[in-house]
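In the numbering used here, the protein residues as written are 170 to 588.
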């Protein structure tokens, strides 16, 4: 079922209990209500499995966007391998599970009364709340970037959507012989291999259409942080001389008029600038004081249930968590299932699994026909957190088989979370 604000208010008026925490559902039946905020990889999957494993639950999913646009595979759009339509999907499949979909944003949460308020003025109660909002991009961490972004001159394209399409148009308009600059923030950040894959696929596009063009990668980290053998092999064999990798080079200042990026050491000029800024847990997490790690940046949780250590009854999954686990779409779906199972157990007065197992698989394309992967299985060990099994690992070179697997992975995981 999909509700806009008018429909929701009509139904809410029919039962005064609808906005009370953990009480009536929208239809007036006494069912525990779980609200999920964010319908990305984590949130959509969690809502689906809450209903699948807890059919008596009233599950509400709040998401401001009309359609899902996948960050994984969005680099394929930049490289000309896929279109925006290929990575954009509707939420209609979730409604078939009995999930109430509300297109809105959360602006206030009261963890004491277990109620939240949306931008459109809805008051919604919950017994358990799941926050799966992704990350907040700190555009002001690079001086001049926020203004350049607002003017449409410089983008991050680190949340797939309009900026992905804009960056693709900028690359298409760039003259042959021009320079594309991509900057990478200090870890941790969403999708560690993503910027390096981006360099590969833009290089693939340049090789086909603009062979005299160059790419400069300004990395705030001292070295490639993920899949180094895979990417260095691709850069050396597929794109020799095209990609200039510069470690220990954080982007500090962007000058959109001069089209320059300044680091500690130099001012670098480019024709297209792609600045990926530092990140932190999304703003909605701060509404319950859940940004509670040492730097007030990420959210610490109980890894068996993903319940916030700062806000009882609030569970946080995906990229906003403080965790050494990879910030990937696949990982978010696995956390979502563990979280959903734990919530179903908690609402049934059962003890959740104390040692859940989760997995991560992440593919990175290096051309229009080659890709590599990293894959690990993790088990929660008391006192140690999630520990990777020794059998996991990563490919050191890309190949055609893994490119086919990457394309299939995307189709399957979108179907898993959205249908």
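A virtual CB, placed ideally from N, CA and C, is assigned to each residue, including glycine.
Computed from a predicted model, the values in this text were never measured in an experiment.
One alpha carbon belongs to residue 243, the other to residue 361, and they sit about 14 Å apart. Taking 8 Å as the upper bound for CB-CB distance, residue 247 and residue 337 are in contact here, some 5 Å apart.
Remark: C-beta atoms of residue 487 and residue 301 approach each other more closely than 8 Å. Distance between residue 274 and residue 384, taken at the CA atoms: about 37 Å. Counting the other CB atoms within 10 Å of its CB gives residue 290 a total below 16, which places it among the exposed residues. Residue 554: not part of any alpha helix (DSSP H); member of the beta strand (DSSP E) spanning 554 to 557, first to last residue. By the C-beta density criterion, residue 377 is exposed, having fewer than 16 other C-beta atoms within 10 angstroms. Contact between residue 286 and residue 276 holds, since their C-beta atoms are separated by about 6 Å, short of 8 Å. Here DSSP, grouped into helix, strand and coil, assigns residue 397 to helix. Minimum Cα-Cα distance from residue 501 among the listed residues 484, 516 and 515 corresponds to 484.
With contact defined as three or more Cβ pairs closer than 8 Å, the stretch 445 to 460 and the stretch 293 to 312 are in contact. One thing to note: residue 324 has its Cβ within 8 Å of the Cβ of residue 443.
Take residue 390, set aside five residues on each side of it, and the residues of its chain with a beta-carbon closer than 7 Å to its own are 353, 355, 356 and 416, in chain order. By the CB criterion at 8 Å, residue 263 and residue 226 fall outside the cutoff. Under DSSP, residue 407 takes part in no beta bridge, so it has no partner. DSSP places residue 375 within a helical segment (H, G or I) once states are collapsed to three. For residue 220, the enclosing alpha helix (DSSP H) stretches over residues 210 to 222. Between the alpha carbons of residue 537 and residue 459 lies a distance of about 41 Å.
With fewer than 16 neighbouring CB atoms inside 10 Å of its own CB, residue 577 falls in the exposed class. Put simply, of 584, 587 and 579 the residue whose alpha carbon is nearest the alpha carbon of residue 240 is 579. Under the three-state reduction of DSSP output, residue 472 falls in the coil class, being neither helix nor strand. In the structure shown, residue 312 falls within a strand segment according to DSSP collapsed to helix, strand and coil. Annotated three-state conformation of residue 348 is strand, per DSSP. Residue pairing by DSSP puts residue 383 in a beta bridge opposite 348. By the Cβ neighbour-count rule, residue 202 is buried, with 16 or more other Cβ atoms within 10 Å of its own.
Around the beta-carbon of residue 569, fewer than 16 other beta-carbon atoms lie within 10 Å, marking it exposed. Between the beta-carbon of residue 420 and that of residue 369 there is about 20 Å, and that puts the pair past the 8 Å contact cut. Residue 223 is classed as buried because its beta carbon has at least 16 other beta carbons within 10 Å across all chains shown.
Secondary structure of residue 532 (DSSP, three-state): strand. When DSSP states are grouped into helix, strand and coil, residue 266 belongs to the coil group. Between residue 388 and residue 414, the gap from beta carbon to beta carbon is short of 8 Å. Taking C-beta separations shorter than 7 Å and ignoring five residues to either side along the sequence, the partners of residue 317 in its chain run 323, 423 and 425, following chain order.
Taking the Cα positions, residue 513 is about 37 Å away from residue 572. Under a 10 Å Cβ-count criterion, residue 252 is classified as exposed, with fewer than 16 other Cβ atoms of the shown protein chains found around its own Cβ. In chain order, 446 and 447 place their CB closer than 7 Å to the CB of residue 310, counting only its own chain and leaving out the 5 sequence neighbours on each side. Relative to the Cα of residue 587, the nearest Cα in the group 438, 260 and 220 belongs to 260.
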